[in-house]
Each structure stands twice: as C-alpha cells, then as structure tokens.
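Numbering (the working numbering), first residue to last: 112 to 648.
These notes concern the structure reproduced below.
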C-alpha cells in the first residue's frame, strides 16, 4: 500500500486573540473613559479664560500662511484649533451648533459641559456607575429648566419696556467683547438694525461693512445697501428711480482674443477687420443688456473699457467686479434676479430702488442704494484702526445681532450676571435633597457645575471667586432671587436694577446642549479607531 500524507498547514500569522484589522485600535474601559473626560476638560479649559466681561483674548496663528487673528469668541477659537481627541471633537461640534442656531453662548456650552465631566470624574472614582450619574443629571436638567422658565420676563406687549430689554441684552452680550468700551453706541446700532427686521431672524438684510481708518466711535448705521465698489468713468454718479440688472457673466465670451496671441494676416487692413468684428460682438451683447430697460448694470465679472464706453454713452451706470456675496445680498434687498444670459429680457426681474449715489467713506468711494424694495435692509459701517480690530468687532456685533434677532422672535428674557445659574443650582439642590440613592450625589454635582460658571467669571476678573460666589449663594438662599455678580465693584448687586438681561433662548440652549454633550461623552465605554483605507497602486 502507498500512503499519501497531506502537507502540514503553514503556521498561522494571524493572532487568534486579535479581532480588529491591522492598523485599527481600540481603547476600552477606564482608559476610554479617562481619555474622553480629559479631552473634554482640556477643551473647556482652553476657552474658560475668555468667559465673562473680564475674559482674556487669544491669538490664533495659521500654520499655513501665518495669518493672525485676535479674538475671545469661543466659536472662532474652537473652529481654528486642530483636535485629535474624539470627545473634544464632540464638544467642538456642540459649540458650532450653538453658534449656528443662537449665535452666542458657545463658550458657556463648552465650559458647562467640561465642569459636568469634571464632577463626573469624581463620582466615577467613588465607583458610581455612569448610568446612575446620567439618571441624576436628567432629573437635575428638568429641575434647572423649570427654574429657568419660572424666571422668564416677557415685555413684548409694552413697546418701551421691550426696547429697553433689547438694549440691555445687547449691552450684556457686548460686555464680554472688544466693544465693551463702546457698548452704548453698538448696542443702539444693533437694536436699530434688528428692529427693522420686524421679527425675522434672517440677518442677510443687515450688511456689515468694514473700513479701516478712524476710530470705533465713527461707526454708524445707514439705511439701504452700500456696495464696496465705485462707478465707472464718464458714467452718472447719481441715478433716481433706478432699475438694476444684476449679472454674473463674462463680457468677453464672444470676443476674439487677439491680445497675447499670434495672428497672421496679409495686411494691416485684415487686422483692423478682426478688431472691428470683436467690437461688433461686444456691442451686440451690450445692446442685449440695454434692451432690458435698466439704467444700472452690475456684473460679478469684468466689464472692460469698450462696453463701459457704450454704457456711458447711453447714460447707464455700470459696476464691475462686484464680490459674489455682495451681489447676492444686493439681489435679495432689491428683489432682483442674478442672470448670466440676456436673450429673454421679459423673463428677468430687475431690481428697483429710489436712488443710486456714489458716496465717500474715509478715502474710499462706495455706492449707496437708497429706498430699496426690502425696506428692512440696512448697512452697519465699522470704522477702526486696523484689520484685526475690525474683524473682532464684526464677530462681536454679529453675536449681538443673532441674540437680538432671536429675542425679537421669542421675546422671553431672564437675568444674567450669574443670577440664572444660581437660580437653577438652588432648584437642583432642593430637588437633590428629596431624591434617594446615589442619584442625589449626581444632582448635587450638577448644581456645583452650574455654580462653577459665576465662579469662573469672577476668577477671570481677578476677584476672590470663592468669597464672592459664596456671598451670591447666600443672597439667593435668603430670598434675593435677582442677586447677581457686580464685577466692577467686587460685590453682589441686583441684576434687574443693573439691567443685566439675557435671552431665555440662549440660557436654555446652553443648559440643554451642555447636559446632552456631557451625557453623550459619559456613556462612551470604548473608542474604536478604524484602519485607514489603503490606496491602490
């Protein structure tokens, strides 16, 4: 008999204990929880020093082109940092959502979430399960939300009081910004601009124009729309009852481009014929534009000299190379279409306004559109010494406009200066005393995290935070429900008398977003880093 033996199997190169593919990694248990908590607290500490009226600024420097920004806006800082920790990225996303939805409170969201996780770490060290902590937090969130709603003030029916509320909200918002020394002026500018919106939250009708030169006190609000361009040569500088055609088209599409190219001709006469044909085609396109019946033509792209001459001869004002954001907003406020072809003039809607005039701001010539179709349109012109100052002023003013527009739509207000946080912490403490089990510890930790916000505000001002917050807490427990921090005088004062008013929508969103973010991070018990996709060669 012949025996056939199979070949022995080659030794396996795969680890029988390994489940994930090579280059993939997994953190489990305590390591994952610690990584998440440390990452979130690091992000909170990054922006913590910018909180409050005495918060500090940060320099953001791009590694790509060396561009520098100076800001204390939490959303701007968090958008700029490069983060590797997944839990930290979650906080950044929550901050972006807060900025997109409300426009303010981005720093408060990150700081409150970080303080909640700081308290959670202490509870985890006491062997309290994350789900128990989360259950306590949910009860605390409901109690805090109920206390916040109980503090609502709504003066919508009283126009004078509501206007004062809007002014107080603008002052409170700008008090932590670079515009704090000029907050009366910019509060009035922001409120006047938002009142024109008639309850709308669409800020596209409010344009912010930055012009270096002068000082911040020179900033002003102008009715209508101002375009940062100048009117062409020999063209009218002022037009009444303007009909505006807005286009995004190349004026040289039909050109025979002979400049920079080789043209072989038998004589100079042939070259002249080519140039003549070129001019005729451009003239035909200009005629199509004039057939629309417009007396102002604005193009996103270049117009060139010959079409400008044609428009000037026909008393049409032409504006070239307008930035795309500018013509989009202009089309909105004028009620016009942005066109790229001119073969169907009856299907194109022209923009209308009472007048178009060339004005001078500083040393620059600009174009002002007055009496626009969208009556709420206006332009806030910012003046300042440098580009960095103007950029930060724009960010600050934008935050105030966002909060005011939300308040105009949802007119509920509450008190600031740490008053709202103390009211919520007091309600959570009272509920915690009636709750059995370890959830009571989680609720007490939630109250401490809420009290951490006024503590940080006082610490950033260089005050004795522990002493001042203890005094504030005692005032609230003694029945002074409107007590708040008075940073200027290092004391406790009445928020209603000081005019420290904030939007209820902002406070509510900070509370709910921070608690949801902290809960989401606390629920994670494993981090799986997927293997990168291999490129085919």
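By construction, the Cβ of each residue, glycine as well, lies at the ideal position given by its N, Cα and C atoms.
Spatial distance of residue i from residue j (CA atoms)
i, j, result
"residue 401", "residue 307", "34 Å"
"residue 660", "residue 171", "Because the chain here runs from 112 to 648, residue 660 falls outside it and cannot be looked at."
"residue 191", "residue 215", "17 Å"
"residue 414", "residue 358", "11 Å"
"residue 632", "residue 626", "10 Å"
"residue 301", "residue 554", "39 Å"
"residue 314", "residue 404", "31 Å"
"residue 366", "residue 399", "Caution is warranted here: a pLDDT of 48 is assigned to residue 366, below 50, making its placement in the model unreliable, and no coordinate value can be reported."
"residue 341", "residue 488", "20 Å"
"residue 594", "residue 602", "10 Å"
"residue 249", "residue 628", "12 Å"
"residue 154", "residue 527", "24 Å"
"residue 583", "residue 600", "14 Å"
"residue 588", "residue 611", "20 Å"
"residue 502", "residue 512", "15 Å"
"residue 209", "residue 624", "8 Å"
"residue 530", "residue 257", "15 Å"
"residue 287", "residue 163", "5 Å"
"residue 167", "residue 181", "10 Å"
"residue 123", "residue 205", "Confidence in residue 123 is poor, its pLDDT being 48 and thus under 50, which makes the residue's placement unreliable; the coordinate value appears in the next sentence. Cα to Cα, residue 123 sits roughly 46 Å from residue 205."
"residue 634", "residue 271", "48 Å"
"residue 185", "residue 238", "34 Å"
"residue 235", "residue 241", "7 Å"
"residue 638", "residue 536", "33 Å"
"residue 497", "residue 519", "33 Å"
"residue 266", "residue 605", "19 Å"
"residue 449", "residue 356", "8 Å"
"residue 613", "residue 397", "54 Å"
"residue 385", "residue 431", "26 Å"
Closest Cα partner of residue i within the set the options
i, options, result
"residue 558", "488, 228 and 207", "228"
"residue 261", "631, 554 and 524", "524"
"residue 254", "240, 338 and 539", "539"
"residue 292", "225, 504, 606 and 527", "504"
"residue 283", "200, 477, 630 and 609", "609"
"residue 484", "495, 444, 434 and 494", "444"
"residue 464", "544, 281 and 353", "353"
"residue 597", "579, 482 and 616", "579"
"residue 451", "576, 280, 361 and 581", "361"
"residue 566", "143, 533 and 481", "533"
"residue 433", "458, 343 and 303", "343"
"residue 478", "246, 395 and 409", "409"
"residue 350", "426, 386 and 419", "426"
"residue 545", "251, 244, 201 and 202", "251"
"residue 330", "296, 346 and 312", "296"
Residue i, enclosing alpha helix (DSSP H) - first and last residue
i, result
"residue 436", "435–445"
"residue 564", "550–571"
"residue 208", "197–212"
"residue 247", "241–261"
"residue 307", "From DSSP, residue 307 is part of no alpha helix (DSSP H); its letter is neither H nor E."
"residue 587", "576–588"
"residue 649", "Shown here, the chain extends from 112 to 648; a query on residue 649 therefore has no answer."
"residue 229", "217–236"
"residue 188", "185–191"
"residue 539", "530–543"
"residue 289", "That residue, residue 289, is in no alpha helix (DSSP H); it is neither H nor E in DSSP."
Sheet register partners of residue i (DSSP bridge)
i, result
"residue 430", "409"
"residue 462", "355"
"residue 494", "322"
"residue 604", "595"
"residue 172", "179"
"residue 468", "349 and 479"
"residue 268", "According to DSSP, which records beta bridges pairwise, residue 268 is partnered with nothing at all."
"residue 139", "637"
"residue 450", "358"
"residue 614", "524"
"residue 489", "317 and 334"
N- and C-terminal bounds of the beta strand (DSSP E) containing residue i
i, result
"residue 523", "523–526"
"residue 338", "336–338"
Any non-hydrogen atom of the ligand NAD within 7 Å of residue i CB
i, result
"residue 353", "Among the components modelled here there is no ligand, and therefore nothing to report on the ligand NAD."
Q. Contact between the stretch 500–520 and the stretch 305–319: three or more CB pairs below 8 Å?
A. yes
Q: Say whether the stretch 218–238 touches the stretch 139–158, bearing in mind that this needs 3 or more beta-carbon pairs closer than 8 Å, one atom from each stretch.
A: yes
(Q) Does the structure place the stretch 186–202 close enough to the stretch 139–147 that three or more beta carbon pairs sit under 8 Å? (A) yes
(Q) Quick test of the definition: if touching needs 3 or more C-beta pairs under 8 Å, does the stretch 373–389 touch the stretch 466–474? (A) no
Q.
Quick check: the stretch 489–497 against the stretch 323–337, are at least 3 beta-carbon pairs closer than 8 Å?
A. yes
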